[in-house]
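Counted the way this note's numbering counts, the sequence shown spans residues 2 to 229.
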Amino acid sequence: MDVDKVVSNKVFHFFDWLFKLFILNILTLFTSLGIITILTSFTACFQSIKDYKDGSNIGVFKLYFQNFRDCFKRSVIIGVIIIVLVVIFSFALMFYYENILNMDENTSPTWITIFSIGRYISLFSLIIIIIVFIQLPIVYSYFYFRTFDNLRFAIYVSFKYLGNSFLNLIPWIVFFILLYFEFMRPMCIFFGISLSLYFNYKISRSTYWKIINQSKQNEGEKENEIRD
2 MDVDKVVSNK VFHFFDWLFK LFILNILTLF TSLGIITILT SFTACFQSIK
52 DYKDGSNIGV FKLYFQNFRD CFKRSVIIGV IIIVLVVIFS FALMFYYENI
102 LNMDENTSPT WITIFSIGRY ISLFSLIIII IVFIQLPIVY SYFYFRTFDN
152 LRFAIYVSFK YLGNSFLNLI PWIVFFILLY FEFMRPMCIF FGISLSLYFN
202 YKISRSTYWK IINQSKQNEG EKENEIRD
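Right, here's the structure in full:
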């Protein structure tokens, strides 16, 4: 075995992926500036990572914008809905939190209970929205459902494979923690999103292949029933 050749191939592969993730991250940040295109941008990035893992040799710029174009119509409406929900529940959380802070000993226990429940419901809703949002680029990359069926399926997978959903949260939690450290911010800016999506791909790949294989198996059983 030519050790030098093996090592050089691994080094090249590493830096090739590093370059791709850097470009994908910058492109994702740039195309997310439209706000309503955030979900589309994340989906295009995830799809590009999946395509490269599947053996694509298309240039990173061409592949990203090709995926962005292909998934724009499918994802932009859901992206707007997600943004609106995040804004609503974020304001609700701040509203309840500020009111709880401003309460004194004369405040009725009933109001304290109401605002506390409202705060927890808002926080829980935000967590669910984030979990589903992380799942959506994966769903768009593996399946071609109708607009709202993508959202329904993302919700289904999020709860059906809850452990996997929480694992998908970890890269993003690490990303936001690192943002607090000034010396880590350049790395987060250049690699944070694409690297988190790369780990999401690694974490979710076996789960989605399992779903796809089960779907094919069920279709095969239905065909056999029809023939019988």
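For every residue, glycine included, the Cβ atom is placed at its ideal position computed from N, Cα and C.
Nearest to residue i by CA position, among the options, is which residue?
i	options	result
Ile171	Ile212, Leu40 and Ile128	Ile128
Ala93	Phe116, Asn201 and Ile190	Phe116
Ile156	Thr148, Ile132 and Asn169	Ile132
Ser76	Leu19, Met185 and Phe146	Phe146
Phe200	Arg186, Asn58 and Phe176	Phe176
Asn58	Asp17, Asn103 and Asn151	Asp17
Thr29	Asp55, Asn10, Tyr65 and His14	Tyr65
Ser91	Gln218, Val158, Phe125 and Leu152	Phe125
Ile122	Thr108, Glu106, Met104 and Met95	Met95
Gly56	Asn103, Ile212, Thr108 and His14	His14
Leu19	Ile178, Arg153, Asn151 and Gly193	Gly193
Can you look up residue i in the DSSP assignment and give me helix, strand or coil?
i	result
Glu106	coil
Gly60	coil
Tyr98	helix
Tyr143	helix
Tyr231	A question about residue 231 goes unanswered here, because the residues of the chain that appear run from 2 up to 229.
Ile118	helix
Ile36	coil
Arg228	Note on Arg228: pLDDT 45, under 50, position unreliable in the model; no value is reported.
Would residue i and residue j be called neighbours here (beta carbons separated by less than 7 Å)?
i	j	result
Thr41	Phe73	yes
Ile39	Ser33	yes
Asn265	Gln48	In the structure as shown, the chain begins at 2 and stops at 229. Residue 265 is therefore absent and cannot be evaluated.
Tyr97	Arg120	yes
Phe43	Pro138	yes
Ile204	Leu168	yes
Tyr143	Tyr53	no
Gly80	Ile37	yes
Ile118	Val87	no
Ser195	Cys46	yes
Ile78	Thr148	yes
Val61	Lys21	yes
At which residues does the alpha helix (DSSP H) containing residue i begin and terminate?
i	result
Ser159	Thr148 to Lys161
Leu40	Ile39 to Lys54
Between residue i and chain B, is any beta-carbon pair separated by less than 7 Å?
i	result
Phe116	Among the chains of the structure shown, chain B does not appear; only one protein chain is present.
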